[in-house]
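Chemist: Chains as they are written, first to last, in the working numbering: chain A, 18 to 505; chain B, -18 to 458.
Virtual Cβ for every residue (Gly too), placed ideally from N, Cα, C.
Note that the structure is a prediction, hence the values are computed from the model and not measured.
1. Can you list the residues of chain B that residue 251 of chain A reaches, using a CB-CB cut of under 7 Å?
2. For residue 326 of chain B, does the three-state DSSP call read helix, strand or coil?
3. Under DSSP, the alpha helix (DSSP H) around residue 354 of chain A begins and ends at which residues?
4. Let me check understanding here. Comparing Cα to Cα, which of B/170, B/22, B/325 and B/55 lies closest to residue 259 of chain B?
5. Please state the DSSP three-state secondary structure of residue 267 of chain B.
6. Using CA atoms only, rank isn't needed, just tell me which of B/396, B/422 and B/158 is closest to residue 365 of chain B.
7. How should residue 425 of chain A be labelled, buried or exposed, when 16 other C-beta atoms within 10 angstroms of its C-beta is the threshold for buried?
8. Which residues, in order along the region 97 to 126 of chain A, keep a beta-carbon less than 9 Å from a beta-carbon of chain B?
9. Taking the beta carbon of residue 28 of chain A as the centre, do at least 16 other beta carbons fall within 10 Å, making it buried, or is it exposed?
10. Cβ of residue 24 of chain B less than 7 Å from any chain A Cβ?
11. Below 8 Å on the Cβ atoms is my contact criterion, and I expect residue 129 of chain B with residue 107 of chain B to pass it. Report the Cβ-Cβ distance as a whole number of Å.
12. My output table needs one value for residue 18 of chain B: the three-state DSSP class, helix, strand or coil.
13. I think residue 178 of chain B touches residue 192 of chain B, with their Cβ atoms under 8 Å apart; what is that distance to the nearest whole Å?
14. Once DSSP output is grouped into helix, strand and coil, what is the label at residue 97 of chain A?
15. Got a sec? Which residues, its chain only, sit under 7 Å from residue 497 of chain A by beta carbon, not counting five neighbours each side?
16. How close, in whole Å, do the beta carbons of residue 276 of chain B and residue 305 of chain B come, if the pair is a contact with beta carbons under 8 Å?
17. Check residue 83 of chain A in the structure and name its three-state DSSP category.
18. Determine the extent of the beta strand (DSSP E) in which residue 215 of chain A is found, giving its start and end residues.
19. Given a limit of 7 Å on CB to CB distance, which residues of the region 61 to 78 of chain B reach chain A?
20. Below 8 Å CB to CB, which residues in the same chain sit around residue 362 of chain B once its five sequence neighbours on both sides are set aside?
21. Going by the DSSP bridge assignment, what does residue 114 of chain A pair with across the sheet?
22. Buried or exposed: residue -2 of chain B, going by 16 or more other Cβ atoms within 10 Å of its Cβ?
23. In the DSSP output, what is residue 253 of chain B paired with across the bridge?
24. Determine the chain B residues that contact residue 325 of chain A at a beta-carbon separation under 9 Å, and present them in chain order.
25. Considering Cα atoms alone, identify which of A/273, A/286 and A/363 is closest to residue 302 of chain A.
26. Using a Cβ-Cβ distance cut-off of 7 Å, determine whether residue 351 of chain A contacts chain B.
27. Please report the residue range of the alpha helix (DSSP H) in which residue 486 of chain A lies.
28. Identify the continuous alpha helix (DSSP H) that holds residue 121 of chain A and give its terminal residues.
29. Residue 297 of chain B to residue 210 of chain B, Cα distance in whole Å?
30. For residue 251 of chain B, decide whether its Cβ has a neighbour in chain A, counting only Cβ atoms nearer than 7 Å.
31. By Cβ distance, which residues of its chain are closer than 7 Å to residue 243 of chain A, with the 5 residues on each side in sequence left out?
32. Counting Cβ pairs closer than 8 Å, one from the region 310 to 324 of chain A and one from the region 480 to 500 of chain A, do we hit at least three?
33. Would you please state the rounded distance, in angstroms, between the beta carbons of residue 26 of chain A and residue 237 of chain A? I believe it to be under 8 Å.
34. How do the region 219 to 227 of chain A and the region 139 to 146 of chain A stand: do at least 3 beta-carbon pairs fall below 8 Å, yes or no?
35. Does DSSP put residue 103 of chain B in a helix, a strand or coil?
36. If we cut at 7 Å on Cβ distances, does residue 257 of chain B have a partner in chain A?
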């Protein structure tokens, strides 16, 4: 049995049946990482020994396991705190930081019998769309090593696509789960804001950040989200979605489902092949009984500027604590406190992070707050309102994830504005706090994956996952692997 | 020219909640450095604040007591600045929508009643403490105080004299202690005050340029700093100078203020709404229950004690100076002690015993029931006042049983006229010279003879009876 070809749920099933031991699964992943990740660079930290210890600890409980993911190896984006395990945010400034505590999601995964392989690469502090701003070097796209995997959860998408991990947990502030999932041909979901506790996620933009699964298909996403979701008293912004059981609710029945196609998401700036693939996805849903609704959402146009103001403003404050005083890396050769701050932050942060800190400090400064930050909050409210209206006419929206397929390495870094504009389809869901799912819906002529996005109303995760599940019943895009193979 | 001083106050008060404002760590004062800490209050990456509901309740109760409008939809904001005692590099505070606004308090001062407007009251977290180690020449951070809840109370510029400021602070302290929301100990930093002061020609309606004074650690320092700073500004203006808007530091040893930073150097705190905490939406029912449960404050108690019990103003002031004492007094009266007797015992023996032991009223073990019983025994003539004081001393520390003690030590008052008569006669026989002196006109000797009779009866006799009988015998009638 080629374990790496299985979905997380399939692997969980063979582990529970005793056909494969937890250690065998872990060893298969560790061997693959050892052999292939040198080139891919999807992991920052691999915890091989710890993984095998954990496998031995989990094995006796296999028979009584409640969770369908029991014993299945996985990995975490390296901005999620893990007690005693290096958590870098792909930044030099965190140095050898080992958090004294586990994130809530880590506790929940552990309780469900998850086995952690290590920590995944990302854009520094999750700021970027290509995973190239990492202090630990860029991650490569498994479909084409000269291309970026997308970002910022590029390590997560690449590792899952390459079969190095059965699933991963990423974070999404403006598209950081959905866009790399699209570029790597995997399925990912950013849940409704508040669904997954942010306690232990190193904050980029607190009002937009949300963690979620990066998986091989919609079923795995449902199973992982079942574990992650739920109110946490340590996160005051967490909510009780009251989803019931997402995995069990997947029926594939989309009859009568009204799928909205916002005209603004299929206009200028969108690659023709991507447009074609996404519209074809709409037709697949239609063929299963869904109803297509054409509508207009002109407010989305203001999403990118509002997003970069809000996200940068919050980031400038969230990242102020990295000052060399308490933990992480400290610059050498400072004469006084001011110099300690100055040198540490100048040398410790990368260019893109510094750009956003400066932008954020500027928009919050006296005299500019009203013109920028306040206005951006108003735009956020307008976008929220526009979605509310749209969801009166349809049950979910179908859009592209990104204007084009994965860019070549280095291509985006020279033109940050162009890179920011690439977030046009994904940031609105973050601004409105809505769930957004990314699923593979085709390939371009170069063989690069294309992603389609489903956006739902608050707590509409079940609806999104079921639509994706239905789509994946009739399509094979999610089963393609970068090496030209196809999963069963 | 005649000048008028205009003063406004910003007072930081530490709330007496058991745990910190955004995490479960203890607020206890002291402790080895960095032992009252967790990932939240040390600003670890990924840690998130959760509002302690007790902090909200205490802040609202303080706002109600200061006659503020309570904000039904309030928010926290981040105040951003770098300093090693602030581990997140921002303080969670309230700028745009503070929990309480627009209050007013009336002060009675020797020169009349003063009305002071409360601009706002908001919640925020305290910062840590930096300790310089001269041995290693290193500065170390202690985060035990990080996240201790504070309220900041900002007044309107309604004060004109240092006396008014002190009267306000005394009343504020008393109010907050009565509410139980703060212990207001200045020496532990649980009440800190910044003074904004400007001067203007008397009669002018425009405000002058103000300075802000920090590092005022006692009421005495506040009064002296106000006097110093007003004089400094007036002298400056009279010499044709100009007051610079700046922050000044009070140096207690030098008795002077020094410029710390000018307005031009003022930091831009880049305030913005705290995204980690949802807005606070107050429930009307909750607020109504909280208002109903507000304790009666000192001024109301004073008025009531005067009206209901006819106590002198001085007594009322003394008894209500501490909420626990006032409750103790009310307990005594409820148990039947005459109000004046209860007041006398509190002002005399109780405060004396506390002061001798260096204790606060809230640390007192003695119950109202015990003292009420003692007062009753005196009232019933079963114990004389002096003996009662001895019993009081004996039962004070452990709230002992008055009746058992009196029985065990045979202290019941001797009211039997025959017994007293016999003792009087024995005393007269034993001290013929004194008797002769008395009869010769030395009235003072009478006291000595009373003492002798009391000694005969081990101090337990009813003093009135001794007096009467001794006078009868000596008078020869």
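Modeler: Put simply:
1. Here residue 251 of chain A is taken as the residue at index 234 of the first chain, counted from 1. Correct list: 29 and 31.
2. Mapped onto the second chain, residue 326 of chain B falls at position 345. Residue 326 of chain B falls in the helix class under three-state DSSP.
3. If you number the first chain from 1, residue 354 of chain A lands on position 337. 354 to 365 is the extent of the alpha helix (DSSP H) around residue 354 of chain A.
4. In the second chain, the residue the question calls residue 259 of chain B occupies position 278. Minimum Cα distance to residue 259 of chain B is reached at B/55.
5. As a working mapping, residue 267 of chain B is identified with position 286 in the second chain. Of the three classes helix, strand and coil, the one that applies to residue 267 of chain B here is helix, per DSSP.
6. As a position in the second chain, residue 365 of chain B is number 384, starting the count at 1. Ranking the options by Cα distance to residue 365 of chain B, first place goes to B/396.
7. As a position in the first chain, residue 425 of chain A is number 408, starting the count at 1. So residue 425 of chain A ends up on the exposed side.
8. 97, 98, 104, 106, 111, 114, 116, 117, 118 and 120
9. Here residue 28 of chain A refers to the residue found at position 11 when the first chain is read from its first residue. Looking at its Cβ environment, which holds 16 or more other Cβ atoms inside 10 Å, residue 28 of chain A is buried.
10. As a first step, residue 24 of chain B is located in the second chain; it is residue number 43 there, counting from the start. So yes, residue 24 of chain B belongs to the interface.
11. Taking the first residue of the second chain as 1, we reach residue 129 of chain B at position 148. Taking the first residue of the second chain as 1, we reach residue 107 of chain B at position 126. Indeed, because the Cβ distance is near 4 Å, the residues count as touching under 8 Å.
12. Position 37 of the second chain, counted from the first residue, corresponds to residue 18 of chain B. Coil, per DSSP.
13. The residue you call residue 178 of chain B lines up with position 197 of the second chain. The residue you call residue 192 of chain B lines up with position 211 of the second chain. Contact flag correct, Cβ pair sits at about 6 Å.
14. For the purposes of this step, residue 97 of chain A is taken as residue 80 along the first chain, with counting starting at 1. Looking at residue 97 of chain A - three-state DSSP - the assignment turns out to be strand.
15. As a working mapping, residue 497 of chain A is identified with position 480 in the first chain. Around residue 497 of chain A: 202 and 503.
16. Counting from 1 along the second chain, the entry for residue 276 of chain B is found at position 295. Counting from 1 along the second chain, the entry for residue 305 of chain B is found at position 324. Taking the Cβ atoms as the reference, residue 276 of chain B lies roughly 12 Å from residue 305 of chain B, outside the contact range of under 8 Å.
17. Taking the first chain and counting its residues from 1, one reaches residue 83 of chain A at position 66. Coil, per DSSP.
18. Your numbering for residue 215 of chain A matches position 198 in the first chain. Unbroken run through residue 215 of chain A: none, as it is neither H nor E.
19. 61, 63, 65, 68, 69, 70 and 71
20. In the second chain, residue 362 of chain B corresponds to position 381, counting from 1. Excluding positions up to five away in sequence, the list reads 394, 396 and 443.
21. Walking along the first chain from the start, residue 114 of chain A turns up at place 97. DSSP output for residue 114 of chain A lists no bridge partner at all.
22. If you number the second chain from 1, residue -2 of chain B lands on position 17. By the neighbour-count rule (16 or more Cβ atoms within 10 Å), residue -2 of chain B is buried.
23. Taking the second chain and counting its residues from 1, the one referred to as residue 253 of chain B is at position 272. In the DSSP assignment, residue 253 of chain B is bridged to B/59.
24. In the first chain, residue 325 of chain A corresponds to position 308, counting from 1. Neighbours of residue 325 of chain A on chain B: none; closest Cβ ~15 Å, over 9 Å.
25. Looking up residue 302 of chain A in the first chain gives position 285. When each option's Cα is compared against that of residue 302 of chain A, the closest is A/273.
26. As a position in the first chain, residue 351 of chain A is number 334, starting the count at 1. Chain B contact via Cβ: absent.
27. On the first chain, position 469 is the one that residue 486 of chain A refers to. Boundaries of the alpha helix (DSSP H) around residue 486 of chain A: 478 to 491.
28. On the first chain, residue 121 of chain A is found 104 positions in, with the first residue counted as 1. Unbroken alpha helix (DSSP H) run through residue 121 of chain A: 121 to 128.
29. By one-based count along the second chain, residue 297 of chain B stands at place 316. By one-based count along the second chain, residue 210 of chain B stands at place 229. Using only the alpha carbons, I get a separation of about 36 Å.
30. As a first step, residue 251 of chain B is located in the second chain; it is residue number 270 there, counting from the start. Yes, residue 251 of chain B lies at the interface with chain A (some Cβ there is under 7 Å from its Cβ).
31. Taking the first residue of the first chain as 1, we reach residue 243 of chain A at position 226. If we look at residue 243 of chain A and ignore the five residues flanking it on each side, its Cβ neighbours are 262, 263 and 264.
32. no
33. Counting from one through the first chain, the residue named residue 26 of chain A turns up at place 9. Counting from one through the first chain, the residue named residue 237 of chain A turns up at place 220. 6 Å between Cβ atoms; contact.
34. Enough Cβ pairs lie closer than 8 Å, so yes.
35. As a first step, residue 103 of chain B must be located in the second chain, where it is residue number 122. Residue 103 of chain B carries a strand assignment under DSSP once its states are collapsed to helix, strand and coil.
36. Counted from its first residue, the second chain places residue 257 of chain B at position 276. Yes - at least one Cβ of chain A is within 7 Å of the one on residue 257 of chain B.
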